[in-house]
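Counting in the numbering used here, the sequence shown runs from 14 upward without gaps. What follows is a single structure, written as structure tokens, with notes after it.
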Amino acid sequence: MRKYVGIVVVAAVAAFGAGCGSTTGGGGGSAGTGGTAGTGGTGGGGSQADLCQEAGGSGLVVINAEELTQNTLLTADCSYVLTQKTYVIGATLTIDAGVEIGGDNGSALVITSNAKIDAQGTVDDPIVMTSSRIEGERLAGDWGGLVLLGKARLSWGNAACDGEAGECVANIEGLPDDETRGRFGGNDDSHDCGTLKYVRIEYAGFTIGMDNELNSLSVGGCGDQTTLDYIQLHRGLDDGAEFFGGTANISHLLVSGTGDDGLDWDQGYRGQVTNFIVHHFAGSSGDPRGIEGDNFRDNNDVQPRSAPEVTLGTIVASGAGSSDQGIVLRRGSWGFLSGLVVSGFAEAGIDLRDGAWAQAGGWPDGVVAEDSCFSGNNPNFIEDVDCGPEANEGATDCNDFSEAGGADPTDEANYFPENTNMPLQGNIEADPDLGDISGALDGSSAPDYSVGNGDCAGAFAPSGTDWTAGWTAFPAD
């Protein structure tokens, strides 16, 4: 990484005129002043502004624009700094492999619901979005991270929706409630928010109020045509990746050292998460978890219900006071969990709450876990407690597990008997025998997330290939 030393302005970009750019197209207004870029519609065509070329072909480009409304290209010949929240509206932001973007305090990059991002790095040249502070002084929460907004369906309780009949539109968490550019949701479960591939996001996330935070990666209402693949979220302040409704899928995800939950979903998220790692260091929130899955807080049964498929993952905690639970499902969330390794959590490996909402049983109408390994959690499973759906905000847990305890399970039927509401199918194993993951804590070495026990799947299954090699990094500050 280059070192961003203060604000060394090679080119200060406040507004990008229609006449600028490396590609010609239809005329349009200027980005940052509310005009329409070229002939583009939703992430559409038209002229393309090449910010590096406009800056002379090299150096540091400081992006002062509040809005980008023209198709915009960031090439690797320059580095870039965001000085505030920048909204891409009605255009496509293309980011070439090897591009480095620094974010100042209070900044964030927001791809609105009528725009797209095309950020495709490579193993050798990943795209890096990080703090603009110099190495050695970077901290979680230095900037706001990346927000993707789309037009897929979401749940919104009993509240009135702002969209047309049959659709619900909400404002994304982490932006002001009256920020219309932060709206997402609709009826298009195949909506395409764009592409992220081989992208690292570091030191991101900030809080504007209780339960109102920007995460390293916030995905609101993106559909299943969105591509999210090979993404590392490192040392964020709040959640690593949070999905608000929609059907976007994500694969080859590594969340390392985030302050709150590694993976979070709510508001009717129905995508697929596969080949992923959540590695908790010392948590900064009051309840850091590997996975936290909700449907909707004020109405657990609202439709569409959160029901993602979560497969082939390694969820591990290390460091003093690192984490509470490996997996918490609550507030009406269903889900299919398979091929997971969960280890090192102080309060539970897996904790199912609000049991009344999971009583349908069986996938896809309920919660199912199968072929997974829970080890070194205290306990691995929480005892079944008879309580109602109103207990979700209290200290009492409502679970459908039949047995408590941290002992290694020897008989899966003891934990998930056939008459339970959360059945385990296949194997439940202990002692996954993880590799050495300690180096990630201080950035001294790349961790080894491989699993030695052949009965456990985890993030590198089924091939065993370490897909984190070559493009990830674990800086301490």
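Virtual Cβ for every residue (Gly too), placed ideally from N, Cα, C.
Item, Value
"Between which residues of its own chain and V494 is the CB-CB distance below 6 Å, once the five residues before and five after are set aside?", "Residue 494 lies beyond the stretch modelled for the chain, which goes from 14 to 490, so this question has no answer here."
"Kindly identify the DSSP beta-bridge partner or partners of R213.", "V141 and Q245"
"G379 and V341: beta carbons closer than 9 Å?", "no"
"Just verifying my parser: in three-state terms, what is the DSSP assignment at R302?", "coil"
"V101 and G195 - do their beta-carbons sit closer together than 9 Å?", "no"
"Determine the DSSP secondary structure at C235, reduced to helix, strand or coil.", "coil"
"Take the Cβ of L152 as the centre, count every other Cβ of all protein chains shown within 10 Å, and call the residue buried at 16 or more, exposed below.", "exposed"
"Could you check whether the segment 217 to 231 touches the segment 248 to 259, counting it as contact only if at least three pairs of C-beta atoms, one from each stretch, sit closer than 8 Å?", "yes"
"When you compare only the Cα positions, how much space is there between I108 and F219?", "24 Å"
"Helix, strand or coil for E192, going by three-state DSSP, please let me know.", "coil"
"Would you kindly report the start and end of the unbroken beta strand (DSSP E) that includes L227?", "N225 to L227"
"When you compare the CB positions of N200 and D155, do they come within less than 9 Å of one another, or not?", "no"
"Give the single residue among A78, L81 and G448 whose Cα lies nearest to the Cα of H550.", "Only positions 14 to 490 of the chain appear in this structure, which leaves residue 550 out of reach."
"Please confirm if S92 has its CB atom under 9 Å from at least one CB of chain B.", "Included in the structure is just one protein chain, with no chain B present."
"Need the endpoints of the beta strand (DSSP E) that D364 sits in, please.", "A361 to L365"
"In angstroms, rounded to a whole number, what distance separates the CA positions of L350 and W278?", "14 Å"
"Secondary structure at L2, three-state DSSP: helix, strand or coil?", "Nothing can be reported for residue 2: it is not among the residues displayed for the chain, which extend from 14 to 490."
"Within the continuous alpha helix (DSSP H) that includes D90, where are the two ends?", "Careful: D90 lies outside any alpha helix (DSSP H) and carries neither H nor E."
"Applying the 10 Å Cβ sphere with the 16-neighbour rule, what's the burial state of G149?", "exposed"
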